[in-house]
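Same order as they appear, the protein sequences are chains A and B. Using the working numbering, you'd call the opening residue of the first sequence number 2 and step up by one each time. Using the working numbering, you'd call the opening residue of the second sequence number 18 and step up by one each time. Don't be surprised by glycine CBs; every beta carbon is placed ideally from N, CA and C. None of these values were measured; they are calculated from a predicted model.
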Amino acid sequence: EDKVVQSPLSLVVHEGDTVTLNCSYEVTNFRSLLWYKQEKKAPTFLFMLTSSGIEKKSGRLSSILDKKELFSILNITATQTGDSAVYLCAVEASYAGGTSYGKLTFGQGTILTVHP
Amino acid sequence: EAQVTQNPRYLITVTGKKLTVTCSQNMNHEYMSWYRQDPGLGLRQIYYSMNVEVTDKGDVPEGYKVSRKEKRNFPLILESPSPNQTSLYFCASSSYRGEQYFGPGTRLTVT
Chain A
2 EDKVVQSPLS LVVHEGDTVT LNCSYEVTNF RSLLWYKQEK KAPTFLFMLT
52 SSGIEKKSGR LSSILDKKEL FSILNITATQ TGDSAVYLCA VEASYAGGTS
102 YGKLTFGQGT ILTVHP
Chain B
18 EAQVTQNPRY LITVTGKKLT VTCSQNMNHE YMSWYRQDPG LGLRQIYYSM
68 NVEVTDKGDV PEGYKVSRKE KRNFPLILES PSPNQTSLYF CASSSYRGEQ
118 YFGPGTRLTV T
């Protein structure tokens, strides 16, 4: 059974702090790892990672994948109150020799609270 | 505007009364998926579809059915809803290996 574990489960910081969110996984036939941000509505896509060691960056957010150690981190620098949200990590598996894809397993999420 | 729509957004129903939650996307995406979100359990995949007439089970398919007769639509059917299917449901779509867009969610209560 595929498994995704995120840590910490919750985090409270002040504006301007830098945070690191962790995601470890066990999955048969790994295909990709995805990060989402969820405020009080539907999740919104942040990053898709498929290759080890290549950092993806978008503004103050960045993420990297380590396929050998089976984890990913999401960094947020100079946090703002608007970064307060649940951050979700998911892994995608492939099946049937790689012809079937799209089975996603999500972690429990990390609740990030940024105080002014 | 590119979007995923779900209907209804809110539904209160009784045990055993068949219901369908519709999902439609206007982005010509091949891939569509249904999730349920419950406190403490996170998002769990119910069913997904790689393309028309191709569907597969996620982690929690019991009690649900889906069909993909057209590329744009992916309805979720509960033939005999039970209280443990009370949840927040999300539909999502993406192009091949692309960014996944989520619908606004359907909050279902089964009494």
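Report task. Can you tell me which of the three DSSP states A/Gln109 falls into? Result -> DSSP, reduced to helix, strand and coil, places A/Gln109 outside both helices and strands of the structure shown, so it counts as coil.
Report task. Measure the alpha-carbon distance for B/Leu125 versus B/Thr30 and round it to whole angstroms. Result -> Going by the C-alpha atoms only, they are around 8 Å apart.
Query - Environment of A/Lys104 [buried if 16+ CB atoms lie within 10 Å] - result: buried
Query raised in the report: From A/Ala86 to B/Cys108, what distance separates their C-alpha atoms?
Result: 20 Å
Query raised in the report: What residues in its chain sit with their C-beta under 8 Å from that of B/Asn68, if we drop five residues either side in the sequence?
Result: Glu47, Tyr48, Arg85 and Lys88
Report task. Taking B/Met67 as part of the beta strand (DSSP E), name the residues at either end of that continuous run. Result -> First-last of the beta strand (DSSP E) with B/Met67: Gly59 to Asn68.
Requested in this report: Please state if the CB of A/Ala91 and the CB of A/Val28 are separated by a distance shorter than 8 Å.
Outcome: no
Query raised in the report: Does the distance from the C-beta atom of B/Ser104 to that of B/Arg53 stay below 8 Å?
Result: Yes. Within cutoff.
Query raised in the report: Can a CB atom of chain A be found closer than 8 Å to the CB of B/Phe91?
Result: So, not an interface residue.
Query raised in the report: Smallest Cα separation from A/Gln81: which of A/Leu113, A/Lys41, A/Asp67 and A/Glu93?
Result: A/Leu113
Query - Cβ of B/Glu8 within 8 Å of any chain A Cβ - result: With chain B covering only 18 through 128, there is no way to say anything about residue 8 of chain B.
Requested in this report: Just the chain B side, please: which residues come within less than 8 Å of A/Leu89 by C-beta, in chain order?
Outcome: Gly59 and Leu60
Requested in this report: Find the nearest neighbour of A/Ile65 within the set A/Ser33, A/Glu40, A/Val14 and A/His116, judged by alpha-carbon distance.
Outcome: A/Ser33
Query raised in the report: By Cβ distance below 6 Å, which residues in the same chain neighbour B/Met44 in space, the five residues on each side in sequence not counted?
Result: Exclusion of the five residues before and after B/Met44 leaves Ala19 as the residues of its chain whose Cβ lies within less than 6 Å of its Cβ.
Report task. Indicate whether the contact test is met: 3 or more Cβ pairs, each with one atom in the region 12-31 of chain A and one in the region 66-78 of chain A, closer than 8 Å. Result -> yes
Query raised in the report: What does A/Ala43 touch in chain B if you count any residue whose Cβ is under 9 Å from its own?
Result: Val21, Phe107, Ala109, Tyr118, Phe119, Gly120, Pro121 and Gly122
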